[in-house]
Amino acid sequence: MTGAVTLSAEVPAEPGLIGVQFKVDGYPVEALDTAIPYEIQWSAASAANGEHTVTAEARYTSGAVIQSAPLHVTVANPSTFNRTLYVDAANGDDVFDGLSPSTAWRTLDRANQSVVTGDTVVLRGTFTGQRIAPNASGTAATPIKFTSSPGTTAVLDGGSTGVAALLDRGRSYIVIERLQIQNVPGYAIEMTDGAHHNVVRDSYLTRSGTAQIYGHAVRITRASDNLAEGNQMIDIGDERANSGDSVWIADGASRNRVLDNRLTNGGHSLIQVGGDQPDDADVIGNVVANNVLSNRWAT
405 MTGAVTLSAE VPAEPGLIGV QFKVDGYPVE ALDTAIPYEI QWSAASAANG
455 EHTVTAEARY TSGAVIQSAP LHVTVANPST FNRTLYVDAA NGDDVFDGLS
505 PSTAWRTLDR ANQSVVTGDT VVLRGTFTGQ RIAPNASGTA ATPIKFTSSP
555 GTTAVLDGGS TGVAALLDRG RSYIVIERLQ IQNVPGYAIE MTDGAHHNVV
605 RDSYLTRSGT AQIYGHAVRI TRASDNLAEG NQMIDIGDER ANSGDSVWIA
655 DGASRNRVLD NRLTNGGHSL IQVGGDQPDD ADVIGNVVAN NVLSNRWAT
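Residue numbering for the sequence shown follows this note's numbering, starting at 405 and increasing by one per position.
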């Protein structure tokens, strides 16, 4: 299975029926569907390869919940849904076409400007003072992916203007995986201003969020349906200043999922859901589950 998959459920129109909540691997996907036909689109293309379990829950005003039998599916995504683009921080050149390792670009800016729906961007080396900020979005069927060259781990060091990966202005269906992001004073990864259905997976984020105010490894504000899973976030923020959070979800962020991460040492906190400003919008339906937390800085 790959691409955009329609999940649907047939539920009798009984009194008190509120709607149907679809789940993947036990966690809600999309908002509660309150109108017939009960169906959503799930981006299997953005999911991790392997086995997944899909269920649907009918929910009633009485509080009753009726769950479907589980549907077991196998996701097998290709390495790219369109082009494979290459960026080599040491040996590339932005005058090249970026279509092979021997004609790789040198900078993330070149990739950000050139990427289109379905592309996979393969990174090699250490990118200092640069950031991922694509000018395009993917789709549920054909996401854009940024990943490391096989057998290596690409490093984003320091970021640009305080951020190493910026997904904003409605950017969607972008997958960032298998990268190391370090020494970013502001936000290692920021999803904001309508960003939705983006994924940060299997990455190593460290020594970031050290700005005295609002530094974070993963910051999600005014954004929905994003996923951070399987990451390590270590030594985030400044212990002495009591600042910096590994994960910050606030100001209108809804239905984001933080799953199966390992978080160690946060200057202010490891996971913060709900902001600290009186005019922040409510946060609704976010899921934080199955993370391993250790914060000796809090002692």
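For every residue, glycine included, the Cβ atom is placed at its ideal position computed from N, Cα and C.
- Excluding sequence positions up to five before and after Y591, its CB lies within less than 6 Å of the CB of V567, H620, R623, all in the same chain and listed in chain order.
- Going by DSSP, D513 is part of the alpha helix (DSSP H) stretching over 512-518.
- In the DSSP assignment, I578 falls within the beta strand (DSSP E) that extends over 578-581.
- DSSP places A449 in the helix class (H, G or I) of the three-state scheme.
- Taken through DSSP and simplified to helix, strand or coil, S466 comes out as coil.
- A check of alpha carbon separations from A632 across L503, V526, A693 identifies A693 as the nearest.
- H456 is bridged by DSSP to V477.
- By the Cβ test, the region 488-505 is in contact with the region 528-540, since at least three Cβ pairs between them sit closer than 8 Å.
- When beta bridges are read from the DSSP output, P432 appears opposite K427.
- Contact between the region 448-460 and the region 486-496 is not established, with fewer than three Cβ pairs separated by less than 8 Å.
- By the Cβ criterion, the region 675-687 is in contact with the region 645-660, since at least three pairs of Cβ atoms, one from each stretch, lie closer than 8 Å.
- Listed in chain order, the non-local C-beta contacts of R611 below 7 Å within the same chain comprise Q586, N587, D639, local neighbours out to five positions each way being set aside.
- Ranking T521, D497, G522 by CA distance to the CA of L512 puts D497 first.
- In its chain, beyond the 5 residues on either side, E443, Q445 have a beta carbon closer than 7 Å to the beta carbon of T410.
- Counting only runs of 3 or more residues that sit fully inside the region 527-570, the beta strand (DSSP E) segments are 530-532, 548-552, 558-561, in chain order.
- Bounds of any beta strand (DSSP E) do not take in R611, whose DSSP letter is neither H nor E.
- DSSP lists Q425, Q471 as the beta-bridge partner residues of E461.
- In summary, T457 is exposed, with fewer than 16 beta-carbon neighbours lying within 10 Å of its beta-carbon over all protein chains present.
- With contacts defined as CB atoms closer than 8 Å, Y464 and G407 fail to qualify as a contacting pair.
- Exclusion of the five residues before and after G689 leaves P432, A435, S658, R659 as the residues of its chain whose Cβ lies within less than 8 Å of its Cβ.
- The Cβ atoms of I580 and F550 sit closer than 8 Å to each other.
- In the DSSP assignment, the residues bridged to M637 are L609, L667.
- Taking each of R575, A685, N665 in turn and checking the Cα distance to V519, the smallest one comes out for R575.
- Straight-line spacing of the CA atoms in A645 and T614 works out to 9 Å.
- H601 is classed as buried because its beta carbon has at least 16 other beta carbons within 10 Å across all chains shown.
- Boundaries cannot be given for W701, as no beta strand (DSSP E) includes it and DSSP labels it neither H nor E.
- In the structure shown, S506 falls within a helical segment according to DSSP collapsed to helix, strand and coil.
- Residue burial annotation: D655 is buried, with at least 16 other C-beta atoms found within 10 angstroms of its C-beta.
- In the three-state reduction of the DSSP assignment, T406 falls in the coil class, being assigned neither a helical nor a strand state.
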